[in-house]
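Residue numbers for the sequence shown follow our numbering, beginning at 7 and rising by one. These notes concern the structure reproduced below.
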Amino acid sequence: GGLKYLVSEVNKLGLRFGIWMEPEMVCPDSDLYRAHPDWALKVPGRTPGYARNQLVLDITRPEVWDYCYGCIKDVLSSANIEYLKWDMNRPLADIYSAGLPADRQGEFHYRYMLALYRMQERLISDFPELLLENCSSGGGRYDAGTLFYSPQVWASDDTDAIERLKIQEGNMLIYPLSTIGAHVSDCPNHGNGRITPFDTRGNVALFGTFGYELDITKISEDDRAMIPGQIDLYHKYNDLIREGDYYRIASFSENGEYDCWSVNAKDASEVLVAYVSVYSRMNRKGRIIRLQGLDPDRIYRIEGTKEQYYGDTLMNAGLQVPEIKGDFRSKLIHLISC
């Protein structure tokens, strides 16, 4: 029935429809390339380098820009598409634009980004309700310019929860947590084969856009049973994570053993702490973590317990986290001011 029929059937299930595109690329074995080989980036007289069997279209040229945007608009206008993942899986290479003279080839990168921004500006103007997600993995476009058009950016194709600790720490230092594309992916991880507990994968992804990229019919029943609870956590803490203040408490990239960070409400009335014990140690009884950004005169209660502490105590003496047996284990600690 075509795309429109597919989208309508998805909408009937109560779901919204999203689509993946990589509009800047062209395959040599395509009608477009056969008709306009000069539209692709390549240095005259040299064999171009292919990545994923693709070349990059030169969107700095008006005719190429018009064609690319026309294709995108046609697809999005054909059905009720509400989310677009704009991917870019290879870097710009073979930099030479047939639309520029030889003495102006140095302008290319600048002109290319302006063309990209102009295309995405047009996109969100023509489709104001569209959720646009940009790509960082290949395009490296996690920057303030990109975030003007897309409220979230896919942080990395490396979805292993443990490697994501370092990746997301770097992003968290600069960008709002709500912009970090982060998902619970399958295990063993497709990239490194690591097996990480399902709850740890969920806790790490929680501090980003949160989602799943796995076939839920092929995971264990125990893991599948955890999904509703993880989604409940997302809805429970989404406002806090999106609007709160981020504090780095410990860095796995520095200490090599554990990771810890928190998100605090603006008025310091509640705090959500994430603790990840990457590598377990023999005979360790626990670890002291010193929280940050609390009201020193307030009393905070750990949700689900009767434990209460002054903010001053939590920031100076610290909070004892019992040792979690096994590698790659994690826990969330939610504190509410009394």
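Glycine residues also receive a C-beta, built at the ideal position from the N, C-alpha and C atoms. As the structure is a prediction and not an experimental result, all values here were calculated from the model.
Per DSSP, Glu276 is one residue of the beta strand (DSSP E) stretching across Glu276 to Ser283. Arg296 has no beta-bridge partner at all, per DSSP. Spatial neighbours of Tyr243 in its own chain (CB-CB distance under 6 Å, excluding positions within 5 residues in sequence) are listed in chain order as Leu278. In this structure, Cys74 sits near Met125, with a CB-CB distance shorter than 9 Å. One alpha carbon belongs to Leu120, the other to Cys33, and they sit about 24 Å apart. Here Ser83 is exposed. Its C-beta has fewer than 16 other C-beta atoms within 10 Å. Excluding five sequence positions before and after Leu9, the CB atoms of its chain that fall closer than 7 Å to its own CB belong to Ser84 and Ala85, given in chain order.
Contact between Met232 and Asp205 holds: their C-beta atoms lie close to 6 Å from each other, under 8 Å. Inter-residue distance for Asp221 and Cys141 is about 22 Å (C-alpha atoms, whole angstroms). Restricted to the stretch 152 to 227, the beta strand (DSSP E) segments that are unbroken, complete and at least 3 residues in length are 158 to 160, listed in chain order. Exclusion of the five residues before and after Gln298 leaves Tyr253 as the residues of its chain whose Cβ lies within less than 6 Å of its Cβ. DSSP places Phe23 in the uninterrupted beta strand (DSSP E) bounded by Phe23 to Met27. Contact between the stretch 165 to 179 and the stretch 206 to 215 is present: 3 or more CB-CB pairs across the two stretches fall below 8 Å.
Here the alpha carbon of Trp267 sits roughly 11 Å from the alpha carbon of Phe258.
For the pair Pro157 and Ser131, the CB atoms are not nearer than the 9 Å cut-off. Residue burial annotation: Pro29 is buried, with at least 16 other C-beta atoms found within 10 angstroms of its C-beta. Closest option to Met31, judged by alpha-carbon separation, among Pro182, Leu61, Asp228 and Arg117: Leu61. Between Gln111 and the set Val49, Pro134, Gly55 and Met94, the nearest pair of CA atoms involves Val49.
Judged by beta-carbon spacing, Leu129 lies beyond the 9 Å limit of Lys91, meaning their Cβ atoms are not closer than that value. Pairing Gly187 with Trp160, the inter-Cα distance amounts to about 4 Å. Sequence-distant partners of Asp301 (beyond 5 residues in either direction) whose C-beta falls short of 6 Å from its own C-beta, in its chain, are Ala274 and Gly317. A check of alpha carbon separations from His42 across Val70, Asn17, Asn261 and Arg52 identifies Val70 as the nearest. Counting along the chain, the unbroken alpha helix (DSSP H) around Leu38 starts and ends at Asp37 to Ala41. The closest CA to that of Cys344, considering only Glu313, Asp44 and Pro68, is found on Glu313. Taken in chain order, the unbroken stretches of beta strand (DSSP E) that lie wholly in the stretch 115 to 145 and span 3 residues or more are 137 to 141.
Looking at Leu320, Gly105, Asp251 and Arg147, the one whose alpha-carbon comes closest to that of Arg96 is Arg147. Ser83: member of the alpha helix (DSSP H) spanning Pro68 to Ser83, first to last residue. An exposed status is given to Asn198, since fewer than 16 other beta-carbon atoms sit within 10 Å of its beta-carbon. Here Asp72 has no same chain residue with a Cβ atom under 7 Å from its own Cβ, once five neighbours each way along the sequence are excluded. As computed with DSSP, Trp92 is found in a beta bridge with Met27.
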